[in-house]
Structures are given as C-alpha cells and as structure tokens.
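Accompanying notes for the structure given below.
In our numbering, the protein residues as written are 813 to 1193.
And the structure:
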C-alpha cells in the first residue's frame, strides 16, 4: 500500500489546499503581467491613470511565489513522507512486545471490522488458535477446541434464533399391538433464520447406513431413524408424516416419495423465503415410538440462540418424565413442571444464550405400570 493511501484525511486536505493556493498565485500573477502588457499598448485618454497601477510589481511576486511553492512542495513531499514513516516505524520498534501486543489487541477489539482488511481467514484461524493456546497454556488442547468450535459455528449453513420446540405425546391406541404399545409423538419446531437453500427435506428410514448418510445433509434434510417393529413401518404415513411447514405463516407445498427403506417429504420454499432476509419457519410432524422405549432425543441441527423445549404427556400412561441436557455450557437450563393441581402434565426447559449444533436433550420417562406397588398406591392416593 502506498504511503499516501495511509495518510489521514486532514493531511490530504491540507496538501490539496496548498496546491490550490500555488496554482491560484501562479495564475493570478500571469494574468496581472499580461494585463499590464496589454494596457501599455493602449491609449486610454481619461483612463490613462490605469497605466500607473503597479500590476507588474504585484504579478511578478505572485507568479514567483506560486512557482516556487509548487517546486518546493513536490521536491520535499516525498522526503517528508519518508521521514514520517521512519518515525512511525521507530516508535513501533521502541515499544516493548508486551505493550505492542496490548495496543494491537485493544485496537482490534474496538474495530473488529478492520480484521477483514488485514489478513486471510486461514491466518485468522491460526491467530485465534495461538491466542487460545497462550490463554489456556496447552497448544494441542487449544487448537483442537478451536477447530471444533470453528467447524460447528463458523461453517454452519444457518443460525437459528428464538427456537421453540413443542413435543406432545399421546397413546396410539388404534396402532398399538400386543407386542409393541405405541405413543404418538407430535413434534413442532419454530425458529427464525435465513434459509440456506430453496428446499427442505424430511426423511424417515429404517436402514442405519442410509440414516448416517442423510445426517450429513444438514440443514436441508431432517432425518428420523425408525427400527422395524410391529406397528412401525418407516415407509408408512401412519408411522411418520410431515403435517405442515409454513414460512411467516404461509403454508408451503409438500411432496412425498417412498423408497425401499423409508420415505421422504420435500418442501420447495417460495420466493419470499429465499429473499435473503430472516423468516419464521414452523414445521410440524408426527411419528410413532414404542412406549417401552422410555426415551426421545431432541437435537439441534444448527447453532441456535434461545431454546424453549416443552413436552406434554397428558394423554399417556407415563408416571414420571425427565429432561436431561447434554450441553457443555456454563449457563444452566431452567426446567419447569406443571403443578400437580392441574390436569395437564407438562415439562418445559428454557436454555438462554447460544447452543452449538448437535446440542441435545434426552426426554426419558417411566410408565405407571413399571412403578413399584407402593408407589402405585401413592400415585392413586
């Protein structure tokens, strides 16, 4: 970068003003000399007093001043800039490394946007890892931790805000069999984001290899694994169905296809959803799970800020339910339970702040039939 490009704006303005003055003096001097020569050739009569004006005496100094100042300015400007650069460099050299580092960190903290002009993303990664290593005192630990954060946060296709997850469990009487009593699970996600693609896909598969392959297609595809059991078929709408997907309240068209190992629902987002602006997405699906499975796992596919999870198990034979988070965060999740005096049975969890992708919450339960007899009597009482 040329030195003139880093000069402060006020210095550029001063130099521009000096150049304009030099040009003005030169031009005025030339005009006065030409005017004096022209008047000398005229017979002015009553205006002959104009011959006595000292136009030459005024024009010559102005012309000389303009020319000399221009020559001096261009002759010494480079020298002045070189001296200024040398002084700045010497001042930096005179600073101790600790003080220089402190000044640099303070400047970047106040003006983080300048980082984009100073270096490349790869160098920023190296610098961030080095800073963490210095702070933690373990280079290997710091670099691996930073790489994990970078992969989950920086490279995430989307970021979700104000996430609401509502789960409702109810006994699936008609689809339950003697060998597999089932629960209907209605899962509703609602969040604000800028969609990274034009299509959303929801798949249910019974093949573990297909499930693992689809899990890598995030956030375009949301995948559910369903092991083959009596009353549970990954290809059946009775076992898994995307009921609705809306964008800012507008329903989006849903297409369903069936494969050998499962089914897929495709949703093509409308043009308004692809404008590059944040939108509110709501997706509602229904799935079945065996009641003796005792567990559901709710996982965030993308980094999210502010999560509210609500699980309603009123219409079930569940006696106790717990939500356990697997989040490595300093912020503690707030868990609430509905009072025993009300008929509904709801467990909710609120997690403020940011959560990385793949952060999960395990919903576990105990059936009434599994309680000890004395516990059953206490429940009945």
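Ideal Cβ placement from N, Cα and C applies to all residues, glycine included. All of these numbers come straight from a predicted model, not from anything done at the bench.
In terms of Cα proximity to residue 1002, the closest of 844, 1176, 1023 and 1097 is 1097. Between residue 1169 and residue 1021, the C-beta spacing is not below 8 angstroms. Your pair residue 1035 and residue 1052 does not check out as a contact, with CB atoms roughly 11 angstroms apart and the cut at 8 angstroms. Pairwise C-beta distances place the segment 945 to 964 out of contact with the segment 1058 to 1069, as fewer than three of them are shorter than 8 angstroms.
Looking at the backbone, the Cα of residue 1131 and that of residue 1070 are separated by about 37 angstroms. DSSP links residue 1124 through a beta bridge to 980 and 1158.
If you check the CB distance, residue 941 and residue 954 come in under 8 angstroms. With fewer than 16 other beta carbons inside 10 angstroms of its own, residue 917 counts as exposed. Assigned with DSSP and collapsed to three states, residue 1047 falls in coil, not helix or strand. The Cβ-Cβ distance between residue 1126 and residue 1157 falls below 8 angstroms.
8 angstroms or more divides the Cβ of residue 1128 from the Cβ of residue 948. With respect to the 8 angstroms criterion, residue 1100 and residue 1015 are not classified as neighbours on the basis of their beta carbons.
When beta bridges are read from the DSSP output, residue 1148 appears opposite 1160. Contact between the segment 1105 to 1112 and the segment 1171 to 1182 is present: 3 or more CB-CB pairs across the two stretches fall below 8 angstroms. Nearest to residue 873 by alpha-carbon distance, out of 996, 839, 1073 and 973, is 839. Sequence-distant Cβ neighbours of residue 1040 in its own chain, meaning closer than 6 angstroms and more than five residues away, are 1018. Check the Cα spacing between residue 973 and each of 1136, 1117, 1184 and 897: the tightest is with 1117. In chain order, 1091 and 1092 place their CB closer than 6 angstroms to the CB of residue 1060, counting only its own chain and leaving out the 5 sequence neighbours on each side. Here residue 1150 has 1156, 1157 and 1158 as same chain residues with Cβ atoms under 7 angstroms from its own Cβ, once five neighbours each way along the sequence are excluded.
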